[in-house]
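Going by our numbering, the sequence shown opens with residue 19, and the numbers climb by one from there. Where a beta carbon is used, it is the ideal one built from N, C-alpha and C, also for glycine. Working notes for the structure below.
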Amino acid sequence: MYWLVLASLTSLGFGQLFKWSQRRGCHAPTVVSANYLTLAAVLAIWHLWTGNDFAVPASVIVGGAMGLSFIVAMLVMTGALERFPVGMVLTSFRLSILAPVVVSVWLWGESLSAVQASGIGLALVALALISMSRSSGRSRPVVGAAALLTALAVFATQGVGQICLGWVHYAGLDEQRLTVLMTCAATAGTGGGLVLLVRRHRPRIRDLHMGVGIGLFNLVALATTLTALMHLDRTLFFPVTGCLVVLLDGLFAHLWWKERMGRVGALGAGLGALALLLVL
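Set out below in structure tokens:
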């Protein structure tokens, strides 16, 4: 329970910092790339200081796959937000917690009781309701192949990233999780930097400063997540943290950012609280 709460709080903190950067008009791809490069640099210095091995083959493979999935998910997400309503994109993003749960049961043999399965189903409904409510005043109905493919792309890319987080434990890399994280960050940061280079975007100093600050916090958040996944099943971790973060994010949105949730969102929050009890 301790790790669930701690991982949820650090994930919430990362989300709030990123939201703050958006409110200040920062360029999201620059902030994300600087965040990952900062994370990789700090961990590289730590590896040199402690004499840990950089090139553990399995760590490079898992970390590289994770980093690639993270940066692709970021590009797909930001691209989708530019073209489609926020509600549709956020719903696909939130529902992606289903991917690591299914893979954990099917591939890694984790157990899932009928009550927990009901709780996960209820959590998916709650997340969808909250996501739609948070942008109901600005969204427009979207139909067609492009919208469907975009929703599936957001779901798939976010889901793969979360599956990779769960893969660290089953690859036997718990003790090398910081090496995995360093490789992940270096891959994602390099990928993001190449995208900025191709787009010929010149980073602003304030965007880089914001990315460095978020990167230092993200180091704590991702290390906490990987440590939590050492002790907890993915069938428990992802639904509980997903629901808890969204509920706390809604509370912050109302109290700090002065955003209104509405009746649909309040219904989703209530269902989310019930889902947490069922999954636990």
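Note that the stretch 225–241 touches the stretch 32–44; at least 3 beta-carbon pairs, one per stretch, sit closer than 8 Å. Under the three-pair Cβ rule at 8 Å, the stretch 64–82 does not count as touching the stretch 215–222.
DSSP places S26 inside the alpha helix (DSSP H), whose first and last residues are 20–41. Counting only residues of its own chain and dropping the five nearest sequence neighbours on each side, A206 has a CB closer than 7 Å to the CB of Y54, G85, F88, I89. The residue among G97, L285, R222 with its C-alpha nearest the C-alpha of R42 is R222.
Between A293 and G184, the C-beta gap is not smaller than 8 Å, which leaves the two residues out of contact. Taking 8 Å as the upper bound for CB-CB distance, V49 and G211 are not in contact here, some 12 Å apart. The three-state secondary structure of W67, taken from DSSP, is helix. Here the alpha carbon of G127 sits roughly 25 Å from the alpha carbon of V143.
Annotation for L125: no alpha helix (DSSP H) segment contains it, and DSSP assigns it neither H nor E.
DSSP, reduced to helix, strand and coil, places F235 within a helical segment of the structure shown. In this structure, L273 lies away from A241, with their beta-carbon atoms at least 8 Å apart. Here Q40 has A46 as same chain residues with Cβ atoms under 8 Å from its own Cβ, once five neighbours each way along the sequence are excluded. A distance below 8 Å separates the beta carbons of Q176 and A91. Residue environment analysis places A52 among the buried positions, since at least 16 neighbouring C-beta atoms fall within 10 angstroms of its C-beta. Between the stretch 253–269 and the stretch 53–70 there are fewer than three inter-stretch CB-CB distances shorter than 8 Å, so the stretches are not counted as touching. Taking C-beta separations shorter than 7 Å and ignoring five residues to either side along the sequence, the partners of L285 in its chain run L147, following chain order. No Cβ-Cβ contact shorter than 8 Å links V172 with A117.
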